[in-house]
Structure formats: C-alpha cells, structure tokens
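Residue numbers (the working numbering): 7 to 294.
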C-alpha cells in the first residue's frame with residue numbers, strides 16, 4: 007500500500023485584549039460527563055478481538071465480520087498460524103498509519119494463501135445493526151459496532167433488488183485496514199492501523215475492524231518510510247478466545263447503541279457544529 011500525506015499549514019492571528027476582558031470572555035467549563043452506566047457497556051465476542059502485544063505495549067483490535075467477513079477470516083487464520091508473531095512495523099507515517107503483517111518485513115511479501123477479493127463496501131438492510139449519528143439526506147453516517155461507516159440513504163432500500171443499500175467504513179483513527187498492491191483484489195496478509203483520519207482511503211481499501219484499546223501505542227510506534235532499524239514489532243498476536251484463562255484480559259467497550267454514547271454524540275455535535283464528524287467521537291473501553 008503506497009500512500010502519502012499532504013499537510014496544509016494554516017496561519018491564524020488572534021486580536022489582543024486586556025487580561026481582564028479575556029477572563030470575562032472565557033465561557034464556564036462544561037460539567038463533567040457522567041460515567042457510563044452498566045447498561046452502556048458491551049462485551050466483545052472473544053473470537054473478534056485481536057490481541058497484539060508489541061514492544062511498545064498492547065493493542066486490542068475488535069474485528070468486524072459484518073463489514074468485511076472474508077478479511078476477518080483471513081486475519082484470524084493467519085493469527086492462529088502464528089504468521090504475525092515477530093512481524094515489524096516497517097512503514098509508519100505520522101498523521102497517517104502504521105503498516106505491518108509482512109513475513110518479509112519489507113512490504114513485498116505475503117502468506118502462502120491466495121489473495122482476497124476486495125470488501126471496500128458492504129450491503130446494509132433495514133434490520134442490520136447500524137447506529138445513526140448524522141443524516142445529510144443523501145447519506146447517513148453511523149456505526150456498526152465500533153467501526154464508523156457511511157451509507158446511502160435508507161430511502162433507496164425500496165428501490166434495490168435485495169432491499170439493501172451500500173455502506174462503507176470511514177478510515178478514522180484506530181480503524182484497521184488491509185494493505186494491497188495496485189490491484190483491488192490483491193490483499194493477502196499485510197494490514198495497517200490508522201494513527202489519524204484519512205478519508206481518501208474510503209472505498210479504496212478494506213477496513214476489517216478498529217482499535218478499541220491501545221491507540222496511544224499505535225501512535226507511539228517508530229515512524230519511517232521505511233522505518234530505520236531497529237523497527238518496532240508485534241511480538242505476539244493472538245485471538246482473545248484462544249488465550250489461556252489466566253492470561254486473558256477482560257474487555258468491555260461502550261455500546262454505540264446505548265444512551266451514554268447517544269448523549270456524547272449530541273455533545274460532540276454541539277461543540278463541533280458544521281465540523282461534526284464520526285471520527286471525532288471517542289468510544290471508551292475498559293481492560294482488566
């Protein structure tokens with residue numbers, strides 16, 4: 007996966023004012039949000055939690071088979087084969103992503119399994135899980151589990167043969183995507199974890215899950231293109247369901263369909279105004 011990031015510098019000037027006037031213009035701090043209650047949490051399926059132990063710390067990725075079933079199956083298979091153990095983060099770009107999963111640690115390799123057909127988009131029906139957070143009329147933005155997605159307007163469901171509409175993940179911070187070559191159907195073993203939002207990847211790369219704990223670890227990984235030695239690495243990668251009970255962390259994630267998250271959406275929308283984005287919404291987790 008070859009991508010670059012272009013950054014625009016924005017200069018801003020602030021008018022000076024007497025200190026007393028500035029103090030008078032500072033709005034009062036909003037009251038702290040209440041903590042999520044018992045009804046606001048969910049426990050992820052252990053089959054869908056990827057536990058990545060790196061030299062920088064632990065990362066937990068919740069896999070989302072409702073979005074990209076074939077890619078989730080591939081990640082599970084290669085994890086259970088041990089292919090990801092010891093693999094380095096060989097290409098890491100600040101404000102973009104951290105790439106890994108290559109047996110050669112160069113970006114040129116892959117597993118012995120065949121490449122996977124792209125799952126850039128998926129079909130969503132009226133009964134499929136989806137938590138709406140924004141509606142532009144022609145499209146809706148929301149969540150499938152922890153994965154942010156955009157969909158066509160549900161009004162189109164009545165006009166399609168299968169009664170469904172097209173949806174696609176948003177590449178927000180923490181989203182896990184599959185790297186590929188120049189051909190759409192060339193993903194194999196390499197994947198990347200988003201350090202920041204990057205919308206131009208949408209409908210061009212397959213997203214298969216999202217970091218639910220350890221985004222700070224992803225952002226601490228050594229950068230470079232390629233990364234200079236010594237490269238940070240995934241020391242061991244496991245599926246939560248496969249871990250011995252004594253080693254298995256207890257994981258719970260705030261439910262995007264719950265009342266606490268709905269209140270956070272409303273608060274974020276009030277703060278952001280026209281700049282509201284699903285990528286600005288944080289989904290708390292608890293790991294013990």
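In this text, a Cβ means the ideal position worked out from N, Cα and C, and glycines have one as well.
These numbers come from a predicted model, not from an experiment.
A distance of 8 Å or more separates the beta carbons of residue 275 and residue 267. Residue pairing from DSSP leaves residue 289 without any beta-bridge partner.
Non-local C-beta neighbours of residue 153 in its own chain, meaning closer than 6 Å and more than five positions away in sequence, comprise 70, 73, 175 and 216, ordered along the chain.
For residue 278, the secondary structure class from DSSP, reduced to helix, strand or coil, is helix. The residues 256, in chain order, have a CB closer than 6 Å to that of residue 294 in the same chain once the five nearest residues on each side in sequence are set aside. When secondary structure is reduced to three states using DSSP, residue 147 falls in the strand class.
For the set 119, 101, 99 and 65, the Cα lying nearest the Cα of residue 84 is the one of 119. If you draw a 10 Å sphere on the C-beta of residue 243, you find 16 or more other C-beta atoms in it, and that means buried. Leaving aside the five residues that flank residue 229 on each side, the residues in its chain whose CB is nearer than 7 Å to its CB run, in chain order, 98, 99 and 100. In this structure residue 193 touches residue 186 by the C-beta definition: roughly 4 Å separates them, less than 8 Å. By the Cβ neighbour-count rule, residue 291 is buried, with 16 or more other Cβ atoms within 10 Å of its own. By the beta-carbon neighbour count (other beta carbons within 10 angstroms, threshold 16), residue 259 is buried.
Closest by C-alpha distance to residue 262, out of 55, 137, 199 and 114, is 137.
Close CB contacts of residue 168 within its chain, under the 7 Å cut and outside five residues either way in sequence, are with 129 (chain order). Ranked by Cα distance from residue 117, the first of 54, 88, 126 and 104 is 88.
For residue 151 and residue 135, the gap between their C-alpha atoms comes out near 8 Å.
Setting aside the 5 residues that flank it on each side, residue 46 is surrounded in the same chain by 260, 261, 264, 265, 266 and 267, each with a C-beta closer than 8 Å to its C-beta; the list follows chain order. By the criterion of a C-beta distance shorter than 7 Å, residue 177 is surrounded in its chain by 183, 200, 203, 204, 205, 207, 208 and 213, once the five residues flanking it on both sides are discounted. Rounded to the nearest angstrom, the gap between the Cα atoms of residue 270 and residue 79 is 32 Å. Shown here, residue 227 sits in coil according to DSSP, grouped into three states, outside any helix or strand. Within the model, the alpha-carbon separation for residue 103 versus residue 198 is close to 6 Å. In this structure, 180 is the residue among 180, 219, 279 and 191 with its C-alpha nearest to the C-alpha of residue 105. Around the beta carbon of residue 112, fewer than 16 other beta carbons sit within 10 angstroms, so the residue counts as exposed. Ranked by how close their Cα comes to the Cα of residue 110, the residues 289, 288 and 239 have 239 in first place.
Membership of residue 134 in any beta strand (DSSP E) is not indicated, and neither H nor E is assigned to it by DSSP. Residue 219: member of the beta strand (DSSP E) spanning 212-219, first to last residue.
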